[in-house]
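Note sheet for the following structure.
Protein chains in written order, with full-length UniProt numbering: chain W, 1 to 439; chain L, 1 to 159; chain V, 1 to 750.
Rendered as structure tokens:
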């Protein structure tokens, strides 16, 4: 193959394409590596149409499982934007550098996307399965197929869609493929589930027992999506039939991708000071975020699809003191003179009567969409000594103020009088006393 | 002491008689009459003597001091009643106002004592005079100083 | 005095006193500079770091900002209303000195040096006030002795060496000043002195929580005087002036607020204030009426007033107007109270009951001169002597209850000791009856400087024979033995100061293998690392002892610190330390903790480490979460506190244990890993793993270990399973293959 000999060059090319994509405003060209087994797929170019991989848009590379010369991650950056794993005959093929679990984890953590395709007879290599296990997907072992005693042929329709967020339509007249169990991880998005009366077991065995089946009924999944916390995406499908353009676009982060353009907060009476770090209790605060969505290679203002997808802000210190829905207030451009590409969501609220370190937390995790999260910590201080209501503002205290003032005035009068009475009186007193004594 | 004391004395005498009566009757009902009436008489007599002595010792300056004292007590009581009626919301203001009365009161009483005793001792020159080093002039100076401090703090406290 | 040369002698006397005084102050100050010479000009211990930080804030900002300072770098995320919860006296004092130096004297001094040297400077002032106070008690020579004692008594030095920039540093000075002014006011009966007492009291309130001691002592003094029938108009003047002004003034300190009229701790003052009004009234009436009449009048009013007062107090307390006595107050009466109810207070070593050796260690000969002095006071029993007696008895009791209160005992010990000693010297140095012919003015005047007199007396005894030698000999023996005691006292003080009280505890003295002195500087190393290598807003969790130091030296946000105002928050930290990693991690994340810092002495044998404090963390946490943290779980079946192979499950799983001994056995390279503090062997076969935190930094001697809290797992796994799978992976790399065809055990997906 072309690739096998000049692996490093391609790696560099991939990097070049990657960096070019950052600067180039036109449609982003991303690199895809397809790893396959020539024993199963003789002409990998056929996959191009199957995956609807437009040569204009993708830098395509094909790699045999026997080749161990390609790196997935270089300098902590993914060499390819996306990797597709096709089934392999060998359980542990030679291409360790692209199939080892640790390498895959590293690749995903660096932001690369992974699509793994299974089949009945042959699965992706065991180490890739181990990687899927870490994610929470447990594909049935080799030889297990999805079967049913009631239907000779299993067909998949809309009913089998576990959720329509990622793939909206499904029509597979005859499903031949594997099924998987999945964990309860919140980062997993089931896409296609097995029919209620189906199970997956080794096709050679007819007598079924609990420990010989892998999945039962709707606990079996045929296509599962996964989005890591860093928004890297991965998907596993039980058969090549389930690969659709919608799915590929989702895995390759071409749709349902959101971007947080900005978050800001300010005092309502001082809107010019953004992102202040110090508030006072009971301040009126405004908080707003800008979110864009990627559509057809361009950022456009994001509109939540339904009521449930509304963005929320929590204002919390250990516990949320406020949890507020943000409302869409309009769209604006994220950069000066740029196109209008950002929806602005905002909310106003009053800071609670409690001082401490509060967090403006935006945590937006919706099925199929990129996660948005943002934390801004601010200090909320108590009232300063001169910010309390002044005594003279409180009618009650007028009495006391007056009395204190009266005391002072009376005191002044007293001292003045006292002095005025003067020495004479002292002498008189003495005289009087002497007189008294004489008496 | 002061006029106020006399007034208070009368009140407390009236007060004092009752619990004593109750206590005594409860304990010793047989020989109750004579000690009680005696003690009441004593108290009344004490008040009377005090009052007459007081009037005798009165000089214009002392009179001035006493009227000032009465004024302060009246003001203090007024505020206290007010706080009971209205509630102590601006607590610091109440305290400021009230304590300024009380503080001024005790300062003035001290002044009066010093003054009265100092003027007395000027002639008698008794060795047992309680204020050996204090002259009337100094008493007044001290008094003014302390009062100034007091008023400063009070107004700082009120706000 | 002999009339012939009286003037001359007086001048000499004054001169001599001044010289002695200067040398006392000099001795007092230089004694306290040991720490600077031995180590460096550095702030000591824990609390002073906060005071220092606050002072810096004060000089960098305005007083107004200081007063309203909301400190967002401590008690994260609660923050601390620092301006309203501290005693600002100390900071304001040094801030004022700084401004004066800079703006008036044009001396560009560093605020740190002012802070370091403030305590020694004030100790000189304390000596002055001690002199004045003792002079009121007896005479000038006793005063000088007292000043000398005060200057060098270790009990006071312990809190006032250079660098121990603590509230007590100026509070003791103010304590003595207030007492002196009070005695003066009481003796003279002047409003002026009363007002001065109040002002000094106000300063004291602004500087130290111990002002409550004065608040109760002075009323008690007055009360006892009243009981003894020693009422006088002087007393009335002094007390009422002090109380009215002092109480009002003390309420100006934000931290004190309305406490003086709300809390029971302060009620004694109010009660005595009321009482003295009545007594004054009574005295006035008595002066005018016959005594028989007065008696019944007296009886009636007493019954009335007492019953009304007690009822009122109960009613107000019940109605919640007056706060009941606080916990610290109870712990003064019942030493076990704190242990049972408030572990946070009991956990402070300063709050432990005092052992006898400590008292002797801190006061030496004063410990036995003190009762003698009190006895002399009893003999004379003037009003002011009564004050010393009451002060002495109370502070002796309190000092027995809490170690730190030795501090308040020391001044009265000095005063009483000086009275006793000067009485003794008066008696034994009085050789006038022996030499009636010669002018003996010098001899008696030289009572201050004992050695001088000593010389003279010996000279004279040799020159004039035929005198009652026996008598002379007795005197000489007694005097010389006391001179010896005094000399020994000075030696002791110097020794104690240089060895026990001069260590900044931030820097530890030690010795190299060859015996040369060395310095263990792990704390500063770690704090410096934090300062340089962590983001400025990083939150550091450590046990509260180190809160002030982290804030002051590393300038990082802390969760808890030495201002232990929020027990729950401290218990949270205790829980995080005492729980297993899963539980701790949740707490760490909830509090946004970035780094965890532990103190570990196992390598060096430094016994003040966190494992030794660990039980307090457990106890305090148990107070809040009795179901989740149990002290019992940390003891073995035999009831022992073990960290070796017998350590309990809870112990081994606790975050504190893991962080302390993480990689401890690796360092010993197969040799027995002995913890040198607890002399126990840490088992090397049980490898300690940490999944939720990772080691970030460990200092040279392992005293401070800093761990970084890991982020959430990118794949959404919990960190334990992530760490586990990683370890399995590395085990697999070593050859152990794990089969993966087993069906996983998963919860139902909903």
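Glycine residues also receive a C-beta, built at the ideal position from the N, C-alpha and C atoms. Predicted model only: the values in this text are computed from it and were never measured.
Chain-ordered, the chain W residues with CB closer than 7 Å to the CB of residue 82 of chain L read 399. Considering only W:54, W:29 and W:185, the residue with the shortest C-alpha distance to residue 245 of chain W is W:54. Residue V:412 holds the alpha-carbon nearest to the alpha-carbon of residue 134 of chain V among V:101, V:26, V:412 and V:34.
Interface with chain W (9 Å Cβ-Cβ cutoff): residue 266 of chain V is excluded.
A residue is called buried once 16 or more other Cβ atoms fall within 10 Å of its Cβ, and residue 177 of chain V is buried on that count. Nearest CB-CB separation between residue 199 of chain V and chain L: below the 9 Å threshold. Put simply, the backbone Cα of residue 699 of chain V is about 33 Å away from that of residue 359 of chain W. Counting C-beta pairs with one atom in each stretch, the region 539–549 of chain V and the region 587–606 of chain V have three or more that are closer than 8 Å, which means they touch.
In the three-state DSSP reduction, residue 565 of chain V falls in the coil class, being neither helix nor strand. Using a CB distance cut-off of 9 Å, residue 207 of chain V does not count as an interface residue toward chain L. The Cβ atoms of residue 65 of chain W and residue 43 of chain W lie no closer than 9 Å to each other. When the beta-carbon positions are compared, residue 149 of chain W and residue 189 of chain W stay at least 9 Å from each other.
DSSP places residue 724 of chain V in the helix class (H, G or I) of the three-state scheme.
Inclusion of residue 267 of chain W and residue 273 of chain W in the CB contact set at 9 Å is warranted, their separation being smaller than that value. When the Cα atoms are used, residue 585 of chain V and residue 632 of chain V turn out to be separated by approximately 23 Å.
Of W:393, W:187 and W:319, the smallest CA-CA separation from residue 137 of chain W is found for W:187. Looking at the DSSP output, residue 472 of chain V shares a beta bridge with no other residue. Rounded to whole angstroms, the separation of the alpha carbons of residue 83 of chain W and residue 135 of chain W is 16 Å. Listed along chain W are 410 and 414, each with a C-beta nearer than 7 Å to that of residue 68 of chain L.
Interface annotation, residue 84 of chain V: in contact with chain W, CB-CB separation under 9 Å. In the displayed model, residue 66 of chain L falls within a helix according to three-state DSSP.
Shown here, residue 173 of chain V sits in a helix according to DSSP, grouped into three states. For residue 725 of chain V, the chain W residues whose Cβ falls inside 7 Å of its Cβ are 134, in order along the chain. By the Cβ criterion, the region 405–413 of chain W is not in contact with the region 375–389 of chain W, since fewer than three pairs of Cβ atoms, one from each stretch, lie closer than 8 Å. Segment contact: the region 149–159 of chain V against the region 96–115 of chain V, fewer than three CB-CB distances shorter than 8 Å; contact not assigned. Interface criterion met: the Cβ of residue 99 of chain L is under 9 Å from a Cβ in chain V.
Of the residues V:358, V:143, V:213 and V:239, the one whose Cα lies closest to the Cα of residue 225 of chain V is V:239.
Among the residues of chain V, those whose CB is under 8 Å from the CB of residue 186 of chain W are 716, following chain order. With fewer than three CB-CB distances shorter than 8 Å, the region 548–561 of chain V does not count as touching the region 283–300 of chain W. Interface criterion not met: the Cβ of residue 259 of chain V is under 9 Å from no Cβ in chain W. In this structure, residue 146 of chain W lies near residue 222 of chain W, with their beta-carbon atoms less than 9 Å apart. Residues of the region 228–246 of chain W with a C-beta atom less than 7 Å from some C-beta of chain V are 228, 229 and 230, listed in chain order. For the region 97–122 of chain W, residues whose beta-carbon sits nearer than 8 Å to a beta-carbon of chain V comprise 101, 102, 105, 108 and 109. A residue is called buried when at least 16 other Cβ atoms come within 10 angstroms of its Cβ; residue 491 of chain V does not meet this threshold and is exposed. If you compare the alpha carbons of W:327, W:242 and W:31 with that of residue 174 of chain W, the shortest gap goes to W:242.
Between the alpha carbons of residue 426 of chain V and residue 199 of chain V lies a gap of roughly 36 Å.
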